[in-house]
Amino acid sequence: MDSKGVQLINEETKNIDRMVEETVRRYGRSRKALIPILQSIQAKLGYLPRYSLESVSSHLGIPLSNVYGVVTFYHQFILEPPGTYIIQMCMGTACYIRRNSENYRFLLSLLEIEPNSRTSKDGIFTVLRVRCLGCCSIAPVIKVGDEVYSRVNLDEMRRIVSFYRAKARTGSSKHA
Amino acid sequence: MGANQWSLMDKCCDLCRHSSETPCRSYITCAVEGPLCHDNIECREKRRFRISEIKNGRNGLKISIGMGSCGLAVGARGVYDATLRELERRGLEASVIPVGCIGLCYMEPLLEIHKDGLPTAIYGRVEPRSVGEILDTYLEGDVSGASALRNRVGTAKGELEVPLLDEIDFLRYQVRWVTRNCGIANPESIEDYIVYDGYRGLVRALESKPEDVIEIVRKAGLRGRGGAGFPTWLKWSICRRAEGLPKYVVCNADEGDPGAFMNRMLAEADPHRVLEGLIIAAYAIGASYGYIFVRAEKPLMADRLERAAEDARRYGILGHNILDSEFSFDVEVIRSAGAFVCGEETAMLAAIEGGRAMPRQRPPYPATHGLFGKPTVINNVETLAHVATIMSDGWEKFASYGTGGSKGTKVFCITGSAARTGAVEVPIGITVRELIFKVAGGVREGRRFKAVQIGGPSGGCLPENMLDLPMDYESLTSAGAIMGSGGLIVIDDRNCIVDIARFFTSFTMAESCGKCIPCRVGSKILYDTLTRIIEGGGSEDDLRILEEVGTFMKNASLCALGQTAPNPILSTLRYFRDEYEAHIKMKECPAKVCSKLVSYAIEGGLCVGCGLCAKQCPVQAITKSGERLYHIDASRCIRCGQCIIVCPRNAISRR
Amino acid sequence: MVKVLIDGVEVEVEPNSTILEAAEKAGLKIPTLCYFPGLFVEATCRVCVVELSGTGRLVPSCVFPVSDRLSVETDNVRVREARRIALEAILATHRIACQSCPRKGACKLLELCREYGVEGIPVCAECLLYGGDCLLTREEACLGPITNAGCDGVCLREGKPCVGCRGPIVSRDTVREAVKLYVGYGVSLDMVLSRFSVYNSSQPDYCRIVKLLSNLAEEERHNQGV
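As structure tokens, then:
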């Protein structure tokens, strides 16, 4: 399913199983709980490895195909391991009018992200385009981790990137 | 507020019977005006003192800081920390309250200080390092540095030079009806909410029969604030009469329209009002369980609503036998995993049930066949906040605002190129012109107004000569726009209408769930056609394709997403046809935006060879070509326009 | 029973029937494309749209329920125009040459295109949208038509047959209908059996489905005299 299927060793699959079991116990074994369970797993692992989907499928008794269908439908779910920092570029109207698409293009070139990828080669940044963060009055807006930056321009982007790059190099990683 | 501190919600002494185990009809009144259950001067005084502390702050000093999502984004957290630090340094005891947004987004971060005996002052664009100075000068009785005052006392220095909050243009035309508590009450405190008259609507509803509650909402003339404007009472009444148990209520807090954030603002600043509206709705239709469906990108909103529900449950305002009315109801906050189409009722229900959010054909409507096949009412955040306020203040007052067919007030969000951006609550029927030019101060930095886009990606663009249109459901629809959730995006002359139409289409194309042909394929055809036009390959026939396919999508799509998706194109074709034609016939973009149709060049005579542009260029397309001359390589240039901004001699031009 | 007016013809139908069923009773034919009762009734193709008289609203007749004294028009200018554009939109994502299609032009889409004056060539629009080719043309059991479409799956883009990773639209009852459909496309029964086994393996009813399929296969072999 995930083309770059991450190979997991036995120990890791066991850990995932244990975590899924725990999460399923908390949310209940029903179809309704599928999305919250997936959200909770992603919050812990940073993404949804293939094995976690298989595990959720067997724990909930929902076909894997169905789980995958849900995962691919919603923007929130990520199937590949993300970089240390996730940069969300708001692509809402107000941000577009105030030229966030230019910021986006600039960021891709600044981080040297390949056309078919969303993560920078050094594995520090993953850039996602999101639909409106609801901060339209202070557009254009980008979000790095939980931090929102408003009224950004190219200079500001340079500053933000070098700040986080330095932070990542000194080893204070968020998804450690 | 400390965790162990006594609050109005608690018992005042052993004589007091109030707890969630022993529900009581007069609990809310008793907590604020009481105690009513027993008579004790000390208890009465204790309550009175606490109320005054909430309203005026500890020791009569209260500092409120706007900490909604957008306030936080511009640094309100730093201001909050600085405030605590500066107070401590001065040895001052005061209440420091993180409040929601009052809608003055262009002035964020906001800090409001109240001290007994001085006018309450609001400071805009506050930086952490200036907090100390603001505190000192204010406490010395000098308010001259404030941006606005809530009241005048006549004792402070510089009072008369500072405008009253209600007098500044942004607020002068407003009627703060559902937004009354925004920026005033602490959203994380149920105590604050009841001090500011909260849950009175619920008490009144529980004292009436459900049918009478529906009748009050009918008399008020409240229509859904989520977009379509369906009469709220009618939806309730159909659901109440529908067969099947249990019934559900769902609060639509999946605000997905880019450019609209009033629901986030309301739920972040006054979550209990939304919850109160939801409980009243549940009582009116006889629902026993409810869901609040919140958008993933707005986590603070979900946290606040969850906290509100928890607090309400703790004090018996939610749960079993609410306020001894024999009505039981509970609610769960659901965090959406993010898909624009979730805003559509049936898609949202599919998402709550744990599947892919695909809409289904209506009828049957959710009011008879909704969540898990049971009768379900879905109302949006603003509608529910209105319900609570109508129940507490009476339908007469609500109905006195607005127009014949569209009663009450509506919160609009003004963003884009407006001079003052933010959220405003005004009576329905105000003209678009008044909103943009009087309230929002026109277009920023002296640019020219070109169009206003109303109602999100599914709305339409209106030109200057349509601005005298009143903002009500019918007028907007007839002009090709929609009320939608109430977002107004001001577009200035530096934006290309065709490019913006394509932006909206790319949005709906990406967000189409893919179920029905008109939306899935139609939006792709529209997008490809617009791209052709933007890149200079358009033909006259393309305009016919846009109209034909657009009309087809409008008429034949399954859900509102597809039905309204072509609105931006159809409305701009109607009002800005000449811009389309310029792209097609002249192969030129009048606003100089569409990159395939513009090129950048450096004027040899003006360039002084400073090299700033070459340094700024993100793709190294600018190179030195002579002693005092730089040259732009057109094949590498990405037309970002940064060189124009940095050039000190204005030597770079778009052609 | 409720009374409905279809193109001026009055018919009495059960209260829970659809406009399409009422039209059939009135002896009127409304074209359909994605409508396979018992298998797939999701109103996605919008070819069966009709107009609710007096409102200008176009609704899919295959799922829209009738109500008393409902009046619809099944063949006016607006309806025909909408059907034409719907067919055009379907064709826009349909890049198969009839010559290489097992149906050799004997298909409903082509028939309707001729009737509504749509020019072009004519099956599973989803894969084609992502640049894939139709697997049924290779007589392989692409499960696209009976699975939840819209997946942009890697397998399809690599030209492998769809194994229905999104799962079937309905469970058990689909099987019998689906088998008929595939066999009609010229796909061998063994192939259908093997594909179904793959993607139904996580279904709660797996054993039943396999048994049903085996019985069907047996019947078919018997009929062919093998």
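Chains as they are written, first to last, in this note's numbering: chain A, 1 to 176; chain B, 1001 to 1655; chain C, 2001 to 2226.
Beta carbons are placed, not taken as given, at the ideal position from N, Cα and C, and that holds for glycine.
Under the three-state reduction of DSSP output, V1096(B) falls in the strand class. For T1477(B), the secondary structure class from DSSP, reduced to helix, strand or coil, is helix. Cα atoms of A1281(B) and W1236(B): separation of roughly 8 Å, rounded to the nearest angstrom. Within the same chain, Cβ atoms closer than 7 Å to the Cβ of I160(A) are found at V144 and Y149, the five residues on either side in sequence being excluded. A straight line joining the alpha-carbon of R165(A) with that of C1024(B) spans about 58 Å. Among the residues of chain C, none has a CB under 7 Å from the CB of Q1563(B); the nearest is roughly 10 Å distant.
In the three-state reduction of the DSSP assignment, H1038(B) falls in the coil class, being assigned neither a helical nor a strand state. From the beta-carbon of C2113(C), no residue of chain B is found nearer than 8 Å; the closest lies around 14 Å away. Across the structure, R1448(B) and D1493(B) are spaced so that their CA atoms are roughly 5 Å apart.
Taking a 10 Å sphere around the C-beta of I1334(B), we find 16 or more other C-beta atoms and assign the residue as buried.
Among the bridge pairs identified by DSSP, N103(A) is matched with none. If you look at A1510(B), you'll find it in the alpha helix (DSSP H) that goes I1497 to E1511. Relative to G1259(B), the option among Q1453(B), F1293(B) and T1346(B) whose CA is nearest is Q1453(B). For I1214(B), the enclosing alpha helix (DSSP H) has its first and last residue at P1210 to A1220. Q1563(B) is bridged by DSSP to nothing; it lacks a bridge partner. When the beta-carbon positions are compared, P1119(B) and V1143(B) come within less than 7 Å of each other. A Cβ-Cβ contact shorter than 7 Å links I1517(B) with A2086(C). Put simply, the CB of P1366(B) is far from chain C, with every gap to its CB atoms at 7 Å or more.
Excluding the 5 residues flanking it on each side, E1434(B) has same chain C-beta neighbours closer than 7 Å at Y1173, in chain order. Listed along the chain, the chain B residues whose CB falls inside 7 Å of the CB of G28(A) amount to none; the nearest CB is some 11 Å away. Going by DSSP, H59(A) is part of the alpha helix (DSSP H) stretching over R50 to L60. Contact note: G1522(B) reaches chain C through A2089, using a C-beta cutoff of 7 Å and chain order. Among the residues facing chain A, G1416(B) is included, as its CB has a counterpart in that chain under 7 Å away. Rounded to whole angstroms, the Cβ separation of I1491(B) and A1451(B) is 5 Å, and the two are in contact under 8 Å. Remark: C-beta atoms of G1354(B) and I35(A) approach each other more closely than 7 Å.
Secondary structure at I138(A): helix, using DSSP grouped into helix, strand and coil. Among the residues facing chain B, L2033(C) is not included, as its CB has no counterpart in that chain under 7 Å away. By the neighbour-count definition (other C-beta atoms within 10 Å, threshold 16), C1643(B) is a buried residue. Under the three-state reduction of DSSP, G1487(B) is assigned to strand. Per the coordinates, the alpha-carbon of R1017(B) lies some 43 Å from the alpha-carbon of A1350(B). Ranked by Cα distance from D1472(B), the first of M1466(B), L1008(B), D1528(B) and G1405(B) is G1405(B). Cα atoms of K1397(B) and S101(A): separation of roughly 45 Å, rounded to the nearest angstrom. Residue nearest to R1048(B) within the set H1386(B), A1156(B), E1191(B) and V1203(B) is E1191(B) (criterion: CA-CA distance). Annotated three-state conformation of E1112(B) is strand, per DSSP. T170(A) sits exposed, since fewer than 16 C-beta atoms from the chains shown fall within 10 Å of its C-beta. The secondary-structure analysis by DSSP pairs R2057(C) across a beta bridge with L2052(C).
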